[in-house]
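Have a look at the structure below, then the notes.
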Amino acid sequence: MTQKVAVLGTGKIGEALLSGMIRAGWSPADLLVTARRPERADTLRERYGVTPVTNAEAAKTADTLILTVKPQDMGALVEELAPHVPADRLVISGAAGIPTAYFEERLAAGTPVVRVMTNTPALVDEAMSVISGGTHANPAHLAIAQEIFGGVGKTLRVPESQQDAATALSGSGPAYFYFLVEAMTDAGILLGLPRSQAHDLIVQAAIGAAVMLRDSGEHPVKLREAVTSPAGTTINAIRELENHGVRAALIAALEAARDRSRELASGKG
Ligand SMILES: NC(=O)C1=CN([C@@H]2O[C@H](COP(=O)(O)OP(=O)(O)OC[C@H]3O[C@@H](n4cnc5c(N)ncnc54)[C@H](OP(=O)(O)O)[C@@H]3O)[C@@H](O)[C@H]2O)C=CC1
Ligand SMILES: O=C(O)[C@@H]1CCC=N1
Numbered sequence: 096m097t098q099k100v101a102v103l104g105t106g107k108i109g110e111a112l113l114s115g116m117i118r119a120g121w122s123p124a125d126l127l128v129t130a131r132r133p134e135r136a137d138t139l140r141e142r143y144g145v146t147p148v149t150n151a152e153a154a155k156t157a158d159t160l161i162l163t164v165k166p167q168d169m170g171a172l173v174e175e176l177a178p179h180v181p182a183d184r185l186v187i188s189g190a191a192g193i194p195t196a197y198f199e200e201r202l203a204a205g206t207p208v209v210r211v212m213t214n215t216p217a218l219v220d221e222a223m224s225v226i227s228g229g230t231h232a233n234p235a236h237l238a239i240a241q242e243i244f245g246g247v248g249k250t251l252r253v254p255e256s257q258q259d260a261a262t263a264l265s266g267s268g269p270a271y272f273y274f275l276v277e278a279m280t281d282a283g284i285l286l287g288l289p290r291s292q293a294h295d296l297i298v299q300a301a302i303g304a305a306v307m308l309r310d311s312g313e314h315p316v317k318l319r320e321a322v323t324s325p326a327g328t329t330i331n332a333i334r335e336l337e338n339h340g341v342r343a344a345l346i347a348a349l350e351a352a353r354d355r356s357r358e359l360a361s362g363k364g
């Protein structure tokens with residue numbers, strides 16, 4: 096961990112990663128951050144003891160640059176960085192959609208680029224980070240990305256051709272579960288429960304189900320069967336979910352997210 100790492104564009108994902116790296120034992124002295132607004136830079140310095148720098152300074156000083164701006168802001172950032180990034184810097188992109196080739200075409204020839212799709216549970220060290228290397232990324236570069244993102248949760252290496260799908264599943268995934276919790280809490284209110292109680296019941300059901308999915312090794316169908324008693328309550332709910340096409344809606348939703356990730360590939364959004 097003797098590397099200097101810079102997080103460029105430290106917003107929600109950048110901060111989640113930064114805070115996780117510090118929890119995982121990185122020294123704030125080895126971490127640089129960049130922000131577009133001075134007050135944001137001040138907040139990050141006060142909160143984490145890290146050093147705010149300009150994008151150009153980060154490019155010159157850090158061994159590894161992690162780019163966590165929105166895909167729509169990536170073009171401007173890469174243009175600003177290009178004259179300053181020596182070809183031996185490892186560039187990690189955390190942006191949805193944008194392929195490693197985009198960076199390789201715009202940065203010094205031979206620059207190693209790694210693409211990572213993480214998610215917001217990085218804030219609680221439960222991220223799923225999906226990692227792919229570009230043309231010049233060797234196993235050592237991938238290992239650095241794995242070390243950094245492994246500090247905030249699980250990692251998985253995939254061919255870059257699967258990154259848009261991974262973005263639809265795990266990158267956006269937390270939002271689908273929050274959406275379901277929100278909808279089920281509304282259902283609880285319809286059934287006469289106070290909102291806070293409905294929220295607590297659904298959240299604990301979600302946590303219990305998630306831990307069983309992770310720890311039991313059982314297929315989700317088996318776990319669902321164990322809840323679904325013959326002529327019981329659950330099967331009535333499942334029938335309504337099927338009647339309303341929830342399974343088909345989820346398949347279509349994730350396909351739409353995958354397609355949007357592909358659209359973002361140009362960096363223009
Ligand atoms: N949110 C999520 O769940 C996930 C997001 N991602 C990816 O992570 C990236 C960041 O997303 P997210 O954290 O949500 O977005 P945020 O808008 O929260 O963070 C991006 C930050 O970058 C700053 N910024 C933009 N341009 C520059 C620049 N040129 N120099 C310095 N800072 C700059 C923005 O400043 P300002 O505050 O002024 O706008 C902002 O603070 C995206 O590419 C997204 O695809 C990946 C997985 C999950
Ligand atoms: O919605 C988005 O574009 C980002 C990428 C994955 C999750 N959030």
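In my numbering, the protein residues as written are 96 to 364.
Ideal Cβ placement from N, Cα and C applies to all residues, glycine included.
Predicted model only: the values in this text are computed from it and were never measured.
{"query": "Determine, using beta-carbon pairs with one atom in the region 264 to 283 and one in the region 231 to 245, whether at least three such pairs fall under 8 Å.", "result": "no"}
{"query": "Which residues in the same chain have their Cβ closer than 7 Å to the Cβ of His236, if we skip the five residues on either side of it in sequence?", "result": "Leu185, Pro207, Val209 and Gly228"}
{"query": "Could you give the distance in angstroms between the alpha-carbon of Ala204 and the alpha-carbon of Ala111?", "result": "31 Å"}
{"query": "What first and last residue would you give for the beta strand (DSSP E) that runs through Ala165?", "result": "Per the sequence presented here, residue 165 reads as Lys, with Ala not at that position. Unbroken run through Lys165: none, as it is neither H nor E."}
{"query": "Is the distance from the Cβ of Leu162 to the Cβ of Leu103 below 7 Å?", "result": "yes"}
{"query": "How about Ser122 and Thr262: do their beta carbons lie closer than 7 Å?", "result": "no"}
{"query": "Quick one: what does DSSP say Met96 is sitting in, helix, strand or coil?", "result": "Reliability of the predicted coordinates at Met96 is poor, the pLDDT of 45 falling under 50, and the value obtained from them is presented with this limitation in mind. Correct three-state label for Met96: coil."}
{"query": "Can you give me the C-alpha to C-alpha distance between Lys249 and Glu221, rounded to a whole angstrom?", "result": "7 Å"}
{"query": "Could you tell me the distance, in whole angstroms, from the CA atom of Glu141 to the CA atom of Val148?", "result": "14 Å"}
{"query": "Along the chain, where does the beta strand (DSSP E) that runs through Ile226 open and close?", "result": "Ala222 to Gly228"}
{"query": "For Arg355, report the span of its alpha helix (DSSP H) as first-last.", "result": "Val341 to Glu358"}
{"query": "At a threshold of 6 Å, does Asp220 count as lining ligand 1 (C-beta to nearest heavy atom)?", "result": "no"}
{"query": "Quickly, what does DSSP pair Gly248 with across the bridge? List them, please.", "result": "Ala222"}
{"query": "Does the beta-carbon of Ile187 have 16 or more other beta-carbons within 10 angstroms, so that it is buried, or is it exposed?", "result": "buried"}
{"query": "By how many angstroms is the C-alpha of His339 removed from the C-alpha of Pro166?", "result": "34 Å"}
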